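Shown next, in structure tokens, is the structure this report addresses.
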Amino acid sequence: MADSLVIVESPAKAKTIGKYLGKKYIVKASMGHVRDLPKSQLGVDTENRFEPKYITIRGKGDVLKELRDARKKVKRVYLAADPDREGEAIAYHLAHSLNLELDEECRVVFNEITKQAVKDAFRHPRKIDMDLVQAQQARRILDRLVGYNISPILWKKVKKGLSAGRVQSVAVKLIIDRENEIRTFKPEEYWTVTAHLIVDKETFEAKFYGYGKKKADLKNEQDVQRLLEAIKGKRFTVEEVKKSDRRRNPAPPFITSSLQQEAARKLNFRAGKTMALAQQLYEGVDLGKKEGTVGLITYMRTDSTRISPTAQEEVGNYIKETFGSSYLPAKPRTHKKKAGAQDAHEAIRPTSALRTPDSLKGYLGRDQMRLYKLIWERFVASQMAPAVLDAVSADIRVGDALFRATGSKVKFPGFIKVYVEGNDDNKKEEDKYLPALEVGQPLKRKSIDPKQHFTQPPPRYTEARLVKTLEEKGIGRPSTYAPTIDTIQKRGYVQLEDRRLVPSELGEIVISLMEEFFPEILDVTFTVNMEEKLDHVEEGQVDWVEILERFYEKFEKRLVVAEEQMKEVEIKDEVADEDCEKCGQPMVYKFGRYGKFLACSGFPDCRNTKPIIKSTGVTCPKCKQGEIVERKSKKQRTFYGCNRYPECDFVSWDKPDPRPCPRCEGLMVEKRRKKGTLIRCTQCDYEEEKN
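Using full-length UniProt numbering, read the sequence shown as starting at 1 and increasing by one per residue.
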């Protein structure tokens, strides 16, 4: 008969741990938090040291009853929620609800859900860490004070249903600031001149560098004509050749923010999807009779690149056996600790490097496998030897003009045999080879290619870029990024257009009012300092009430001023170029949970709504009657379908090309690749590069 009750957050985690612990343990799931601040009121006594008023979360009554009944049947209770502030708070509220003593050693934590890690954790239970609990509580109350006091003012002055948050408001401001940079950007003209040169029947490129030894910019066509005139009829000659070995070190194993960024770049995953899949991999996947249910990765909310000596030794042996000892660095690789990192947990890594992605085929879903493969490859590569490249640079003289050619060739692949880190522009790094060149060698001119360019404005934020910026500035914590990005889209403050975050009119109005009446909430320095103070609470250095008192003293005065002086703002709906087919009144653009849509201006008398449809001008290839139009899924992903739906169910994720296939007259679509876009026929094997 069982003599211990173990409580975790989720049924999946309960199932995995239950198999490891055996029959002496009952393992139950609390389904997350069981107590929280009430939704209908502030729930914080600002006159009494910010005493929180916790209540049982609606719908959790039956869960708590089941846990209390199980509590009566055992001698001991263990609280095994996740190893972070949130998990510690869940354990604290469970202890309160089950009448456990706070000095009882009932808290169990583990960074990975493997048999050994779980059993070791149960040998060393500890008391609930009240410093961690108070750090989480301070954050929760601080966010409640901001959100529940500013939001009602925005409802009255702007629009019902709005919200203001400490981290979300800063995130929206970053997006708006970037949009303003783009609006005020003035492009500047510049030119490049590329010489296509031939040596021993091999062609290579050299770009204009300058005159003499000094770099010179080509700002306009006159500069280009001057250069072309100066080199006309003159011979290109190799003036200098430099060769060197260039070493590239691998990226560190993933932390929460870098995982979200790389999954967005390489897998096109939204931040929320990445974290949901990582949670599944952490809590456990059934690997059949041989292994049963196993946690496949370590805890996914971390800011540390540290890995355990045991994991380091295992992956080192794997690298040596698989690739050879030359692929191991001289000593185990460590990665520099990020400034401000809490370093509470290891980096995100596989619980065993020997569980290769290939060995898990058939056990993981498609997206689970893609994310696991990303984590596994990044971890293995992080412990491998550097890549060594033969780098060559050649200065080529023609008259007084200097052209420069560069190239590199992989001499030893090292870590890139397994993994190469992505970049925000999805540009694949390619080796450019240079033929063997010698000083004084004359070169044959094939062609000279002058090109006009204009400087580009800074790019809009993708979710990955925003996560990177929030992390670099120290705004929020890894666990907050995904829900923050989700919230600002649901509130209608920003929209996702072509995978870029664009501020809405509503977002700009709200942030403008916040800047006027609550500037400290949008101040990056204030937000970063507040995060550091919360960290000090966690470390037991600062009283959490003292932090809230200092904040609320000024904040309360700003609330009074905003209530009295903030003017009401009327947001007029943008009128569309069509009338309602039901009542004849103009249709207007509205913004809802799933983005923009059309609604009748006669609301509430007429409640007609419909999605915004963009025409492509391409006839549907299935029914030959309808037209293919652009649509949005609930997750704001663009797809293309027949406008006669549901009569015709043709759909495609690929954008149709207006031209029929020159070979079979079938539908052609755009296929995005890292090297560029390809136009491909859907009926035959015809394809071409998009200009």
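A virtual CB, placed ideally from N, CA and C, is assigned to each residue, including glycine. For clarity, every value in this text was computed on a predicted model and none was experimentally measured.
Using three-state DSSP, classify residue i as helix, strand or coil.
i, result
"residue 692", "Nothing can be reported for residue 692: it is not among the residues displayed for the chain, which extend from 1 to 691."
"G507", "helix"
"residue 699", "Lying before the first or after the last residue shown, residue 699 is absent from the chain, which here runs from 1 to 691."
"V560", "helix"
"residue 707", "As displayed, the chain neither begins before 1 nor continues past 691, which places residue 707 out of reach and without an answer."
"N426", "Low confidence applies to N426: its pLDDT is 48, below 50, so where it sits in the model is not reliable, and the reading given next is rough at best. Coil at N426, not helix or strand."
"S512", "helix"
"S615", "strand"
"V241", "strand"
"S151", "helix"
"I128", "coil"
"M587", "strand"
"D69", "helix"
"S652", "strand"
"S97", "helix"
"V34", "coil"
"D367", "helix"
"G272", "helix"
"T46", "coil"
"S10", "coil"
"F236", "strand"
"F204", "strand"
"T525", "helix"
"R355", "coil"
"S479", "helix"
"I571", "coil"
"L174", "helix"
"S325", "helix"
"L374", "helix"
"P459", "coil"
"T16", "helix"
"residue 714", "The question about residue 714 has no answer, for the chain in this structure spans 1 to 691."
"K444", "strand"
"K157", "helix"
"P83", "coil"
"H196", "strand"
Grab me the residues of residue i's own chain with a C-beta within less than 8 Å of its C-beta, minus the 5 sequence neighbours each way, in chain order.
i, result
"G165", "D143, V146, G147, T484, T487"
"I571", "V158, K159, E505, L506, I509"
"L598", "A576, E578, M587, V588, Y589, K590, T609, K610, P611, I612"
"Y461", "L174, I175, R178, T469, R500, L501"
"K361", "M369"
Can you name, in chain order, every residue of its own chain whose Cβ lies under 6 Å from the Cβ of residue i, other than the five neighbours on each side?
i, result
"K53", "G43"
"H552", "In the sequence on display, residue 552 carries Tyr and not His. Correct list: empty, nothing qualifies."
"V575", "P586, V588"
"L287", "V294, Y363"
"S652", "Y640"
Could you tell me which residues DSSP puts in a beta bridge with residue i?
i, result
"Q452", "W191"
"S4", "Y25, R76"
"V63", "DSSP lists no partner for V63."
"Q495", "V502"
"F412", "V388"
"L402", "G210, R397"
"K671", "L678"
"C642", "I628"
Suppose the cutoff is 7 Å on Cβ atoms and the five residues either side in sequence are ignored; what does the same chain contact list for residue i look like?
i, result
"D217", "Y190"
"I231", "V398, G399, A401"
"L678", "K671, E687, E689, K690"
"H33", "I57, I90, H93"
"R100", "The sequence given here has Leu at residue 100, not Arg. If we look at L100 and ignore the five residues flanking it on each side, its Cβ neighbours are V77, C106."
"S163", "G147, S151, R491"
Assuming residue i contacts residue j under a Cβ cut-off of 8 Å, what Cβ separation, rounded to an integer in Å, is found between them?
i, j, result
"A263", "S382", "Not confirmed; about 16 Å, so no contact."
"R270", "E463", "6 Å"
"T192", "K207", "6 Å"
"F517", "V561", "6 Å"
"S479", "T256", "7 Å"
"I511", "V172", "6 Å"
"Y419", "E377", "4 Å"
Quiz item: Between the stretch 223-242 and the stretch 433-446, do at least 3 Cβ pairs fall closer than 8 Å?
Solution: Look at the beta carbons and you see the stretch 223-242 touching the stretch 433-446: at least three pairs across the two are nearer than 8 Å.
Quiz item: Is it true that the stretch 104-118 meets the stretch 345-353, where meeting means three or more beta-carbon pairs spaced less than 8 Å apart?
Solution: With the cut-off at 8 Å, the stretch 104-118 and the stretch 345-353 touch.
Exercise. Answer yes if the stretch 448-467 comes into contact with the stretch 405-415, meaning at least three C-beta pairs across the two stretches below 8 Å, and no otherwise.
Key: No, the stretch 405-415 does not touch the stretch 448-467.
Quiz item: Can at least three beta-carbon pairs, one atom from the stretch 272-280 and one from the stretch 320-334, be found at a separation below 8 Å?
Solution: Here the stretch 272-280 does not lie against the stretch 320-334, with fewer than 3 beta-carbon pairs under 8 Å apart.
Quiz item: Looking at C-beta atoms only, is the number of pairs between the stretch 357-371 and the stretch 382-395 that lie closer than 8 Å three or more?
Solution: Output reads no: the stretch 382-395 does not touch the stretch 357-371.
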